[in-house]
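Enquirer: Start counting the sequence shown at 102; every next residue gets the next number (this note's numbering).
We put the beta carbon where it would ideally sit given N, CA and C, even for glycine.
Below is one structure. I have some questions about it.
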Amino acid sequence: MTAAGIVAEYNPLHLGHWQQIKEVKERRGAELVFVAMSGSFVQRGEPALVDKSRRCAMALEAGADLVLEIPPAYATGGAEAFARGGVGVLTACGCVEELVFGASCPDTARLADLARLTEEESIKPALDEGLRSGLSYPAALGEALKSIDPEGAALLEDPNHVLGIEYIKAIEKQNSPLKAVALERKGDGHRALDLPREGFASGSAIRRALKEGERAAEAMAFLAPGVAEKLSYTLWPEDISAALSAVLLEKSRTGAPALCGYADVSEDLAARILQQAPFALSFPELVERIGSRAYTAARIRRALLHILLDIKKEDQAGLPRSLKILGMRRDSRAGALLKEKARLPVITKTADAPAALSEAYAYAQRVYNQAVYFRHGITLPEDYAQSPVMLL
């Protein structure tokens, strides 16, 4: 096999991620690893700990050959949109043969069967009933599956399985030649919030330890080599509070219709958001106030982030329209292979790309840069001035 792909966020890149890249090359026999990575805002609906260039460098030093940015509309979306964007990017490379993802259940065929089951008409009545009762979509889907496939319903409690299933569905819907391959995820699960005594820690546990400070030094031991030095600053959800509140205050002047066009914002959610005017709350406080049984905290964060980043429903509807290179290894042939095989325009520098393709990347980075400046006094380069990271 020539090239394998990974969809990732590396927020931050920990030893589990490092081991996965190593296994893709050693166990799967991939000569090259292409990574489709979220930019400076991530799927949880919040800013990344550090900007995309630093996280790209983490990936290259861990063994990735080339890193491409998932466009912001998909990178900040729910599991379906995130998978659509990641699969779309890797498919458009024209040379990636496998999409490898981590799962505590490494049985790809089992996950593929579950993916097909979630699409069947037979579960729709129970799913609709769950939604009408006020359950969030993930919870309603799990309830709908319990009587048909209890084991499968239990698998859906793990976000990694949810993403894996969405990757499989996206590959099918896009008629992609990618082959989905589940690799066993080792160490703590995605939602584990405490650092383990040994083994691999979850990204959630690492972020929590870094934020609380008391165990920050201990958390560093779970990061991949070279990552700790790149955490020269960290950004947190509350750091975009002022920008978000200003945008919401402006949108509130015209009422709920002004919000309903944004991705993940329903009429009901728009009304709940507007109830919090004049928005004198931090981002986490706003999420908590808006929360209800029908909306997960992640859904609310994503909805608010889409309002801030001006991401509309239609922005998530299709497939990515460009391939934006964040970085590559100079000693790898990945760049030349992409140039030869790519099925979409390749952006190496935003300033040289048509505005129709580059503006979404640039605007999201401006918002992130602003937050970094007001939190830390650090001026990051504009996306237009940023060249790809090149690892010697």
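#1: At 4 residues or longer, and completely inside the segment 397-463: list those alpha helix (DSSP H) runs for me, N to C.
#2: For Val-490, collect the residues of the same chain with a Cβ closer than 6 Å to its Cβ; drop the 5 residues on either side in sequence, then sort them by chain order.
#3: Measure how close the beta-carbons of Pro-482 and Leu-445 come, nearest whole angstrom, since I'm counting them as under 8 Å.
#4: Distance, Cα to Cα, Val-468 vs Ala-241?
#5: For Leu-493, which option in Lys-123, Ala-137, Leu-114, Glu-162 has the closest C-alpha, if you only look at C-alpha atoms?
#6: Straight-line CA distance for Ala-184 to Pro-455?
#7: Give every residue of the same chain whose Cβ lies closer than 8 Å to the Cβ of Leu-458, excluding the five residues on either side of it in the sequence, and list them in chain order.
#8: What's the gap between the Cα of Ala-452 and the Cα of Ala-227?
#9: What span of residues does the alpha helix (DSSP H) with Val-151 cover, start to end?
#10: Can you give me the C-alpha to C-alpha distance between Ala-435 and Thr-335, rounded to a whole angstrom?
#11: When DSSP labels each residue in this structure, what does Ala-241 get in the three-state scheme?
#12: Secondary structure at Ser-305, three-state DSSP: helix, strand or coil?
#13: Since Leu-360 contacts Ile-341 with CB under 8 Å, what's their CB separation in whole angstroms?
#14: To the nearest whole angstrom, what separates the beta carbons of Ala-271 and Val-188, a pair I think is in contact under 8 Å?
#15: Hey, would you say Leu-497 sits closer than 8 Å to Phe-135, going by beta carbons?
#16: For Lys-287, report the span of its beta strand (DSSP E) as first-last.
#17: Assign Glu-319 to one of two classes, buried (16 or more other C-beta atoms within 10 Å of its C-beta) or exposed (fewer than that).
#18: Among the residues of its own chain, which have a CB less than 7 Å from the CB of Ile-391, if the five just before and after it don't count?
#19: Figure out for me which residue from Cys-206, Asp-152, Leu-296, Pro-207 has the closest Cα to the Cα of Leu-116.
#20: In chain order, what are the residue ranges of uninterrupted beta strand (DSSP E) at least 3 long that sit wholly in the segment 212-284?
#21: Following the continuous beta strand (DSSP E) through Ala-105, name the residue where it begins and the one where it ends.
#22: Determine whether the beta carbon atoms of Tyr-175 and Ala-165 lie at a separation below 8 Å.
#23: Could you pull the start and end residues of the beta strand (DSSP E) that Leu-493 belongs to?
#24: My output table needs one value for Gly-327: the three-state DSSP class, helix, strand or coil.
#25: Answer with buried or exposed for Asp-229, where buried requires no fewer than 16 other C-beta atoms within 10 angstroms of its C-beta.
#26: State whether the segment 351-360 contacts the segment 319-329, with contact taken as three or more CB pairs (one from each stretch) at a distance under 8 Å.
#27: Ends of the beta strand (DSSP E) at Val-134?
#28: Does the pairing of the segment 206-215 with the segment 191-198 give three or more beta-carbon distances under 8 Å?
#29: State the CB to CB distance for the pair Ala-160 and Val-168, rounded to an integer number of angstroms; the pair is presumed to be in contact (CB under 8 Å).
#30: Could you spell out the range, first to last residue, of the beta strand (DSSP E) harbouring Gly-186?
#31: Looking only at C-alpha atoms, which of Glu-386, Leu-114, Leu-133, Arg-128 sits nearest to Ala-437?
#32: Could you round the C-beta distance between Val-366 and Ala-404 to whole angstroms and report it? I think they count as a contact, below 8 Å.
#33: How many Å lie between Ile-269 and Ala-105 at the Cα?
Expert: The answer reads as follows:
#1: 398-410, 435-442
#2: Ser-154, Cys-157, Ala-158, Gly-428
#3: No, Pro-482 and Leu-445 are not in contact; Cβ-Cβ is about 25 Å, not under 8 Å.
#4: 34 Å
#5: Glu-162
#6: 25 Å
#7: Arg-422, Ser-423, Pro-446, Ile-448
#8: 50 Å
#9: It is not in any alpha helix (DSSP H) - Val-151 carries neither H nor E in the DSSP assignment.
#10: 30 Å
#11: helix
#12: helix
#13: About 17 Å separates the two Cβ atoms, so there is no contact after all.
#14: 4 Å
#15: Residue 497 is absent from the model: the chain starts at 102 and stops at 493.
#16: Taken as a continuous stretch (DSSP letters only), Lys-287 belongs to no beta strand (DSSP E), as it is neither H nor E.
#17: exposed
#18: Arg-373, Ile-374, Gln-377, Ile-401
#19: Leu-296
#20: none
#21: 104-109
#22: no
#23: Taken as a continuous stretch (DSSP letters only), Leu-493 belongs to no beta strand (DSSP E), as it is neither H nor E.
#24: coil
#25: exposed
#26: no
#27: 133-139
#28: no
#29: 5 Å
#30: It is not in any beta strand (DSSP E) - Gly-186 instead sits in the alpha helix (DSSP H) that spans 180-193.
#31: Leu-133
#32: 5 Å
#33: 15 Å
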